[in-house]
Amino acid sequence: MDYTQVLAVLTKLNEDDKASITNDVLKDIMKKVHQIMPEDVIDNISKNRHEVLARDDVAWVYLHTILFVVSDFAKTELSQENPLFTIEQMKILRNSIKVASHLGIVFSFHSAIKVRTRATDFKNFQIHFEHKDIFDKYKILCHTVTLLLKLFEHVILRSAVISQLDSILAALFQLSFAPLQKPIVDCPLSENNNAEFKMTTELYANLIKDQVNYQNKLYELKEKMPLTSVLTNIMMISAESNNPRWFQINVHRYISEIFMMSNGVVSLTTVICDELTDVSVYWPKLNVAGEILIRRYKKGDTGYTVPALKYYDAICIQLITLLESKEYKQGAIIANCYIKVLYEFDKDLCQQKVLDIIMNPLHNKNNKSISTENQVSQCIENLCKLFITTRAEFTCLPLTILSSVLHPLFYLYLKVKSSIYVHRNKVKELLLKILQDVKIRHPAFSVILNHDMFATREYGERLNFKFGDDGGLMVSSEPFEVENDEIAGGLYELVKGDDQLAFSLFEYLLKVSPNLNHTADEAAKNKKLLQSPKDIIEKMEKQLIVIQLLSMLSDLSNVQKAQMRSPQSLLGFIKFYFTKISSTDSIYNDSHEQDVEILYTCLMLIKQMIIENKESQSWKAFEDFISDIKTINFKNIPEKIVSIFEEIEKVIRKKGKESVKHYYDLSAENKLLNEVDKALADLTDPLLPVRGHGLITLTKLIEARHPETELKKDLLFCIFQQNLTHEDSFIYLTAINGICAMTKMFPDKVIETLVQEFIGLTQQQRNCETTPETRAKLGEILVKTTRALGEMTPKYKSLLVNGFLCGTKDPDAMVRASSLSCLGEFCKIMGFRLGNLMIEILYCISCIIKTDKDDSCRRAAVLVTTLLLQGLGKSALVDLGENLVPLYRSLKHLRDTDNDPTVQLHAQLALEEFDDIVKHYLFAPPKLEKTIFLLSNN
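When the count follows UniProt numbering, it moves up by one through the sequence shown with no breaks and lands on 938 for the last residue.
So this is what it looks like as structure tokens:
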């Protein structure tokens with residue numbers, strides 16, 4: 001029998017689109033079908049039909065014939081290996097399943113159920129089943145649904161069955177959850193009479209079993225059929241609001257169970273947004289999807305119910321997985337949007353189920369569990385995805401959430417700011433993001449600088465981070481201490497690139513410095529606070545750190561410009577110290593001297609600002625400042641402070657007009673030439689800051705090529721040389737900078753002096769030993785001087801290399817590491833054209849790699865090796881020859897056996913440079929060149 005021919009006759013209904021399809025039309029169709037069908041097949045269909053329902057009305061006969069033929073077709077034709085069908089045959093099969101679904105399911109729905117099916121081709125159907133027994137409708141519905149689900153098992157028919165999934169799902173909900181009439185005891189069931197349907201005990205029990213069976217089939221659909229198709233159809237069914245309550249409740253529960261599946265959230269997004277490739281186009285739809293996903297349960301007086309908690313647990317796990325997923329390009333954006341909706345819906349729920357889990361590696365309260373490298377890295381990546389975005393249409397979560405890990409993030413930044421850690425920039429971006437919030441900014445500064453120890457509860461705990469075996473960072477339970485100057489340096493590095501943050505930190509320090517002093521002084525004065533020596537030292541350290549930060553920030557041009565626009569904070573700071581110094585009982589104590597130094601530094605900053613600033617400014621604030629200071633008793637004010645205050649007053653009275661000079665007047669009466677004499681006079685002052693200011697002024701005049709410095713260059717060089725023996729590191733480094741500024745005047749003397757100072761030959765003439773930190777800074781200044789020599793550098797290469805190599809033998813590890821770093825920079829400045837000196841450098845590096853016990857020195861040595869190989873390139877094989885072999889072996893041994901993972905990493909990078917050099921040397925790409933000859937006419 002040709003099944004497709006029979007089905008074509010059965011489903012050829014719409015010859016005239018406007019004609020109604022009635023039972024008479026079906027009779028004519030059945031007559032045509034019986035003419036082309038074998039008798040045995042007709043008998044089988046009739047026998048099977050009566051087993052299902054013992055009625056012979058036309059609609060039932062027609063429906064059963066379609067279902068029987070399609071099922072028999074699936075058993076016979078589709079069971080063959082690799083069956084082949086034409087497009088026309090597939091169209092007939094698809095249309096047959098559509099007709100069977102409409103007649104067998106939609107016509108058999110309970111009258112109270114309203115389903116918006118997509119079958120719009122049956123608007124002309126006026127077919128009716130002659131039987132009106134509700135139990136007959138039930139049997140037709142069961143028979144149709146069962147056969148259609150069996151057809152889904154055949155791959156070729158799946159798309160046709162899925163096209164009718166809306167009707168199938170609605171039917172399954174009716175068969176699974178429709179309330180049953182209570183049974184009437186001892187009432188026999190009469191199926192063949194026209195009496196009213198009555199429920200018996202036996203029938204009730206059978207129907208309950210059927211409900212369980214169809215519930216299983218309903219839940220199997222989520223596993224067998226495409227989840228997006230199921231979700232699309234079930235959401236279309238749920239859109240009808242006039243359905244019975246039992247129907248709506250179970251549909252709602254079913255949708256929730258789909259969302260709770262491992263790919264439920266992704267399926268919902270795909271259904272709403274059509275695809276996951278570019279969700280920015282579907283941003284409003286994505287917000288709608290978030291509302292559908294999150295707002296499924298309401299919070300009662302006692303919280304969420306158990307099903308609601310299970311639902312949100314499953315959803316939040318998916319959101320975190322989607323946030324971390326690398327499979328979906330837009331997964332982070334999707335998860336971000338949904339988490340934002342969840343936070344707006346219930347902040348506590350979002351914090352508990354999502355945010356606390358994401359930030360747990362950085363919370364790590366009481367170090368109960370140690371966060372691994374992968375956990376810390378994943379936490380940083382997740383936080384960046386949640387709080388850092390460049391999309392204008394996307395709004396991030398409140399920064400107060402991110403501020404709860406401010407403290408651990410900052411200590412993580414201190415650990416990685418000078419390393420090659422892969423997430424170093426991300427950590428910095430997160431910290432800057434927190435500080436962007438004006439409300440958080442000053443409390444954040446307070447927490448970082450340990451000015452408010454109780455606020456750490458809101459901003460996270462201090463964590464000790466250490467590098468792991470894979471080059472990442474992990475949380476360590478080992479006790480640790482971080483020096484205050486390291487904290488201050490890290491905070492300065494963090495904010496100096498941002499004008500607004502740098503000025504905000506400057507304002508905060510101006511505000512907090514008087515409070516620190518005032519609180520401590522009042523407590524000591526009233527004897528209400530018992531301070532141990534440790535507490536006193538800690539208080540002094542905090543004050544010194546504030547002064548240090550103020551000094552560094554005041555050198556930034558953007559801070560100076562901001563101060564000119566808003567000088568109230570600085571002026572108020574200066575007023576406080578004027579008042580404090582004038583009311584001090586004793587002028588012979590350390591506290592008074594410290595206050596004088598602070599005040600002098602601030603006044604110098606004011607003077608520099610009002611003289612050098614070329615922008616238009618309001619002088620009202622400065623004039624009020626002068627008037628207020630005039631009211632203070634100057635009895636206890638040092639004479640030097642009074643002198644600089646009078647200079648500032650003159651400039652403010654004249655509104656800076658005399659400071660604008662763009663030329664040098666070389667006439668005999670020019671007062672500008674006296675700037676050098678004023679600076680020289682400052683060198684005789686008993687106050688250390690004044691002498692330091694004099695040296696700084698001379699250095700600036702030399703750098704500006706002041707005519708007077710050219711005339712007195714020998715005197716100035718002697719002055720700087722004499723101050724090299726000063727015990728104070730500030731004066732010493734200032735003198736070094738001055739000598740460095742005179743490089744072009746006395747290149748021979750400057751280089752010789754600096755090198756001798758670096759290698760320690762002049763230490764015999766000193767009364768005290770130079771600290772390793774100072775010698776390391778001296779090495780950096782020596783490199784800076786070398787860079788200023790320009791083309792004259794090769795003349796001094798032997799002297800400089802010998803100096804740096806001597807530094808590599810220093811007993812202090814910091815000096816050795818600094819010398820190696822300076823050596824690498826010098827090689828870069830020379831362009832790696834060192835000649836025979838390269839052999840000596842490589843020998844020294846090899847010795848350090850093999851014998852030095854300090855990790856930082858070995859790191860620096862391997863780093864210099866990498867720089868040399870990068871600079872020399874292919875010529876390294878020719879220039880260095882056999883000297884590369886022991887170095888290569890040393891690096892390989894270091895990579896395989898060293899205990900420091902950073903050293904191993906640097907060694908691997910150096911070995912990779914070796915490999916690249918050899919590959920380029922052996923397999924150099926051929927040069928495509930063509931020689932062109934010009935022939936003369938001669």
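Positions of the beta carbon are idealized from the N, C-alpha and C atoms, including for glycine.
Using CA coordinates, which residue listed in the options is at the minimum distance from residue i?
i	options	result
Ile-845	Met-830, Val-801 and Ile-401	Val-801
Gly-694	His-706, Glu-675 and Glu-708	Glu-675
Leu-227	Thr-302, Ser-262, Lys-198 and Gln-211	Ser-262
Gln-181	Cys-316, Ala-170 and Asn-206	Asn-206
Ile-249	Thr-232, Gln-174, Gly-264 and Ile-208	Gln-174
Leu-823	Leu-103, Asp-855, Ile-781 and Lys-853	Ile-781
Ser-551	Lys-850, Arg-565, His-906 and Glu-597	Glu-597
Leu-147	Arg-889, Phe-68 and His-252	Phe-68
Ser-798	Ala-788, Val-755 and Arg-816	Val-755
Phe-720	Leu-711, Glu-710 and Leu-733	Leu-733
Val-482	Pro-443, Arg-441, Lys-433 and Glu-541	Glu-541
Tyr-214	Cys-142, Ser-513, Tyr-492 and Ala-788	Cys-142
Thr-709	Ala-178, Glu-381 and Gly-738	Gly-738
His-154	Val-99, Leu-203 and Lys-224	Lys-224
Leu-553	Asp-748, Tyr-492, Gln-543 and Phe-578	Tyr-492
His-423	Gln-164, Pro-514 and Val-376	Val-376
Locate the beta strand (DSSP E) running through residue i, then write down its first and last residues.
i	result
Ser-476	473-476
Flag this pair as yes or no: are the beta carbons of residue i and residue j separated by less than 8 Å?
i	j	result
Ala-776	Leu-820	no
Ile-644	Lys-607	yes
Arg-295	Phe-345	yes
Lys-511	Ser-569	yes
Cys-384	Lys-426	yes
Arg-895	Ala-907	yes
Glu-913	Thr-866	yes
Leu-53	Lys-139	yes
Phe-387	Leu-430	yes
Leu-157	Leu-93	yes
Phe-578	Ile-632	yes
Grab the span of the alpha helix (DSSP H) containing residue i for me, first residue to last.
i	result
Asn-464	Per DSSP, Asn-464 belongs to no alpha helix (DSSP H); it is in the beta strand (DSSP E), 464-467.
Lys-340	331-345
Ile-487	484-495
Glu-791	Glu-791 -> no alpha helix (DSSP H), and no H or E assigned at all.
Trp-246	245-260
Ala-289	283-294
His-110	Run containing His-110: none; DSSP gives neither H nor E here.
Trp-60	58-76
Phe-642	The residue you asked about is not Phe; residue 642 is Val in the sequence shown. 639-653 is the span of the alpha helix (DSSP H), which, as asked, contains Val-642.
Phe-480	Here Phe-480 belongs to no alpha helix (DSSP H), and DSSP marks it neither H nor E.
Ala-171	165-177
Gln-722	713-722
Tell me the rounded alpha-carbon separation between residue i and residue j.
i	j	result
Leu-406	Phe-573	28 Å
Ala-8	Met-30	12 Å
Asp-267	Val-230	The sequence given here places Ser at residue 267; Asp does not occur at that position. Rounded to whole angstroms, Ser-267 to Val-230 spans 10 Å at the Cα level.
Thr-76	Ile-237	35 Å
Ile-334	Leu-286	7 Å
Phe-933	Leu-868	41 Å
Arg-653	Leu-688	29 Å
Asp-2	Thr-201	46 Å
Asp-916	Leu-887	16 Å
Ala-160	Phe-152	8 Å
Asp-57	Phe-129	7 Å
Ser-79	Ala-170	30 Å
Glu-478	Gln-594	37 Å
Arg-816	Leu-863	13 Å
Leu-724	Asn-360	52 Å
Thr-699	Phe-730	14 Å
Tyr-600	Ile-637	11 Å
In the DSSP output, what is residue i paired with across the bridge?
i	result
Phe-125	Ile-21
Gly-303	Gly-300
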